[in-house]
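One structure is given here, and the rest of the page talks about it.
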Amino acid sequence: MANNSDQLMSKSIVIANSPGKGKGIFAVQNITKGECLIREKPIMGGSGQDGQLLAKLTAQLHALPTQQQRGLLELHWPLRPQYPLRSRFYANAFDVTNKSDTVSEGGICLNAARFNHACIPTAYWVWNCHIERLTLHAITDIPKGGEIFVSHAPFDSPPEERIDTLNNIYGFTCSCFEREVRRLEADRLHTRMEELGFKEGRRDKDKARTMATPGSDEDPLPTILKLIEVCKNAGFPTLALATLHGQASSCYFWRGDSGRERECKAKQREVATWCIGKEASERIIKDVEQLVTLLVEIPNVN
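Each step along the sequence shown adds one to the number in our numbering, with nothing skipped, and position 103 is 124.
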């Protein structure tokens, strides 16, 4: 397995048969939350209309070594069987858009493509645009022998959107019904955020200070804390949760509560580290810290 500064596949995982799902990725030893499982460079990528995309993918396919061509052709492709190359791309590509890109870019990583979906994932993927690698980290402790899952649908999207995404892009209906009770917590999170007009936007410091005044009708802290609990109860230690901890830290800063400010900032960094890993560049950490300066424009929730 590749294991160098450019690419990595942890010795803690292996690609193996997953009953009813083709291939999957499993833990061959106990895995600790925060461990980097994969750091991988796409073997092909592209964007654009179908015709343009097909031309790009075809040229890249022919340039691949035989082993990678074989690996690509073994990937899941349930939809549009008359277009096998594009179908494989749509069903297996990750968003690998860089900050300088003007359009979204998809990329196929052969190892990462083997992770199957679960609504409550045990691993989190992110495109690290500073090293141009897809990274996946365990976001919970995983026992030896357990299959490792990622979520292919946004955690806070409503049920009908998740169903459409999984059916129309990935070609399957999620069967993890036993997790749906916890999933409802995430649905309530999305609904609450919409009802309260949750939106990220930069705010001048004077207004932020006013809103952070305890008891203020516009004080966002109670709602932020409620959203943190919902997010945690639903099992989503993602960058969204890191952002919420950072927003809480900002509120405590304006209240002059340095103790709780430091506590929330530490939690923000801890969750971010689970998702992007200790080995991620400091520039990634700074990107996350920039997010936490954004306060939510929502009223107090009793």
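Beta carbons are placed, not taken as given, at the ideal position from N, Cα and C, and that holds for glycine.
Gly41, buried or exposed, once every other Cβ within 10 Å from all chains shown has been counted against 16: exposed
Helix, strand or coil at Leu131 according to DSSP, with G and I counted as helix: Residue state, collapsed to three classes: coil.
Ala133, buried or exposed, once every other Cβ within 10 Å from all chains shown has been counted against 16: When all chains shown are included, Ala133 counts as buried.
Spatially closest choice to Pro243 from Lys253, Cys195, Tyr273 and Gly66, by CA coordinates: Tyr273
Ser302, buried or exposed, once every other Cβ within 10 Å from all chains shown has been counted against 16: For Ser302, the predicted structure reports a pLDDT of 40, less than 50, and the residue's modelled location is therefore unreliable. A value from the coordinates is still provided. Burial call: exposed.
Minimum C-alpha distance to Arg60 - residue among Ala37, Ile129, Leu82 and Met30: Met30
Buried or exposed (CB count within 10 angstroms, at least 16 for buried), Glu153: exposed
Three-way DSSP call (helix, strand, coil) for Asp278 in this model: coil
Through-space distance from Asp278 to Glu126, alpha-carbon basis: 43 Å
Own chain residues within Cβ distance below 7 Å of Ile245, not counting five before or after: Excluding residues within five positions, the ones whose Cβ falls inside 7 Å are Leu265, Gln268, Ala269, Cys272 and Val317.
Which of helix, strand or coil DSSP assigns to Tyr111: helix
Asn38 and Lys165 closer than 9 Å at C-beta: Taking 9 Å as the Cβ cut-off, Asn38 and Lys165 do not qualify as a contacting pair.
Span separating the alpha-carbon of Asp116 from that of Ile297: 15 Å
Residue from Gly55, Lys32 and Cys252 whose Cα sits closest to the Cα of Glu291: Gly55
For Lys32, the three-state DSSP class (helix, strand or coil): coil
Sequence-distant residues of its chain with Cβ nearer than 8 Å to Phe198 (five each side left out): The predicted position of Phe198 is uncertain, since its pLDDT is 48 and thus under 50; no value can be drawn from it.
Residue burial classification, Pro142 (beta-carbon count within 10 angstroms, cutoff 16): By the Cβ-count criterion, Pro142 is buried, with 16 or more other Cβ atoms from all chains shown falling within 10 Å of its own Cβ.
Proximity test, Cβ basis, 9 Å: Leu246 and chain B: Within the model displayed, chain B is absent; a lone protein chain is all it includes.
Cβ pair count under 8 Å reaching 3, the segment 72-82 against the segment 90-108: The answer is yes - the segment 90-108 touches the segment 72-82, with three or more Cβ pairs under 8 Å.
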